[in-house]
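**Q** Input: one structure, supplied below.
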């Protein structure tokens, strides 16, 4: 259940979806996140607290990973291990680079050495340990973690779902203009969004996708996320 502050906005946005697509959302049981979870980003962050919208593309293509938040892989339980980053984080390239960037922003590691060995030497007493805590820290900073398609069925249908959710996103952004949140856009997806959504009224922050290794030491990225202290308890 979304936070009550979103009720009218979400009802208006949902009403903009194609009627056949709404029937699909209300009847189908194959997509994920589930019907109960695909609006989770609106459940845990009240509308008036939104300062940024971080736009992802579509949910993770694994049921156990997709939890209704952009960028948050629910399958990842712990962020760190005695050897540095946890195995789960190391396998997820974008998340791995994001955590390294956040550690660099804190001064825990240096540009010259972002290795597992360097990370294993960090005193983690003051650091969070779980992906859930990372999501909470994003929200403490007013970051709405929103995918442009809220559901996933299969890879070949991804572009269809993104297109189907477009009227919803149009309506949502129109209603958010009063709040004037900044939009965080990653990689080539940013250009696609600028062509398909009404972003002219918003300040946009465009950087390369975290999948790229250069994301770790990008000064624009570091300056954006450093004040958020995303890894601190």
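Numbering (the UniProt record's numbering), first residue to last: 1 to 233. All C-beta atoms in this analysis are idealised placements derived from N, C-alpha and C, irrespective of residue type, glycine included. Keep in mind the model is a prediction, meaning the values are calculated, not measured.
Name the two residues that bound the continuous beta strand (DSSP E) containing residue 52.
**A** Residue 52 -> beta strand (DSSP E) spans 52-56.
**Q** So residue 131 packs on residue 77, CB below 8 Å; how close in whole Å?
**A** With a Cβ gap of about 7 Å, residue 131 and residue 77 count as contacting.
**Q** Whose C-alpha, out of 141, 166, 26, 111, is nearest the C-alpha of residue 148?
**A** It is 166 whose Cα lies nearest to the Cα of residue 148.
**Q** Between residue 59 and residue 32, which are expected to be in contact by the criterion C-beta below 8 Å, what is the C-beta distance as a whole number of angstroms?
**A** That belief holds up - the Cβ atoms of residue 59 and residue 32 are roughly 7 Å apart, short of 8 Å.
**Q** Under the assumption that residue 205 contacts residue 185 (Cβ atoms under 8 Å), give the Cβ distance between them as a whole number of angstroms.
**A** Yes, they are in contact, since the Cβ atoms of residue 205 and residue 185 sit about 7 Å apart, within 8 Å.
**Q** If you scan the segment 127-161 from start to end, which runs of the alpha helix (DSSP H) of 4 or more residues do you find wholly inside it?
**A** Counting only runs of 4 or more, we get 131-140.
**Q** For the beta strand (DSSP E) containing residue 204, name the first residue and the last one.
**A** 204-207 is the extent of the beta strand (DSSP E) around residue 204.
**Q** Which residue wins for smallest C-alpha separation from residue 48, given the options 55, 211, 3, 112?
**A** Of 55, 211, 3, 112, the residue nearest in Cα terms is 3.
**Q** Using 8 Å for Cβ pairs, my map puts residue 183 next to residue 70. What's the rounded Cβ distance?
**A** About 12 Å; that fails the 8 Å criterion.
**Q** At which residues does the beta strand (DSSP E) containing residue 47 begin and terminate?
**A** First-last for residue 47: undefined, no H or E at that position.
**Q** Grouping DSSP H, G and I as helix and E and B as strand, with all else coil, what is residue 183?
**A** Three-state DSSP puts residue 183 in a strand.
**Q** For my contact list, residue 135 and residue 72 are in at a C-beta cut-off of 8 Å; report their separation, rounded to the angstrom.
**A** 5 Å between Cβ atoms; contact.
**Q** Going by C-alpha to C-alpha distance, which of 203, 106, 189 sits closest to residue 162?
**A** Closest by alpha carbon: 189.
**Q** Could you say if the segment 136-144 and the segment 36-56 meet the contact criterion of at least three C-beta pairs nearer than 8 Å?
**A** Touching, per the Cβ criterion.
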